[in-house]
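Student: The sequence shown begins at 6 in the numbering used here and counts up by one. We put the beta carbon where it would ideally sit given N, CA and C, even for glycine.
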Amino acid sequence: MEELRQKAMALEIYNQQLQMIQSEISSIRALKSEIMKSIKTIESVKVDEETLIPVGPGVFLKAKIVDDKALIGVKSDIYVEKSFSEVVEDLKKSVEDLDKAEKEGMKKTEELANAITTLRKELQAGIQKAQQAQENKQ
6 MEELRQKAMA
16 LEIYNQQLQM
26 IQSEISSIRA
36 LKSEIMKSIK
46 TIESVKVDEE
56 TLIPVGPGVF
66 LKAKIVDDKA
76 LIGVKSDIYV
86 EKSFSEVVED
96 LKKSVEDLDK
106 AEKEGMKKTE
116 ELANAITTLR
126 KELQAGIQKA
136 QQAQENKQ
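(1) Give every residue of the same chain whose Cβ lies closer than 8 Å to the Cβ of M111, excluding the five residues on either side of it in the sequence, and list them in chain order.
(2) Check whether the Cβ atoms of L76 and V85 lie closer than 9 Å to each other.
(3) Out of N141, N20, I132, state which residue places its alpha-carbon closest to the alpha-carbon of R10.
(4) Please identify the residue among K12, S90, V71 whose C-alpha is closest to the C-alpha of K126.
(5) Which of the three DSSP states is assigned to G131 in this structure?
(6) Assign V60 to buried or exposed, taking buried as 16 or more other Cβ atoms, counted over all protein chains shown, within 10 Å of its Cβ.
(7) CB-CB under 7 Å to A15, same chain, minus the five flanking residues each way: which ones, in chain order?
Structural data, given as structure tokens:
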């Protein structure tokens, strides 16, 4: 009976880990999407053209692009000025890194899902065995 309790606790822990990893994967995908939008935007911006710059939800400033430079965050509150092409290159590298993290997460998800399936089968078999033993005592 103690073994069944331990397996049930392990199953609960695995399910929590699975949910955490799935949440991380969802966040990674959202960040990748945001970065891809940034890449498209930067690639479509032309020097000496007017554009709209988002400054908040539903609020835009009309601005004229004076050169092909952008500020990109490198650390908390530290920004570096780079050309549009360098920024796009950096963002594409970030997407590649996120792709790797997503693949690792998917691999862990698959491993956990397999472990959960195996553990569930073991639990069901143990419960049936315990029920049969109980019935045989009566």
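Tutor: So, to answer that:
(1) I30
(2) yes
(3) I132
(4) K12
(5) helix
(6) exposed
(7) L124
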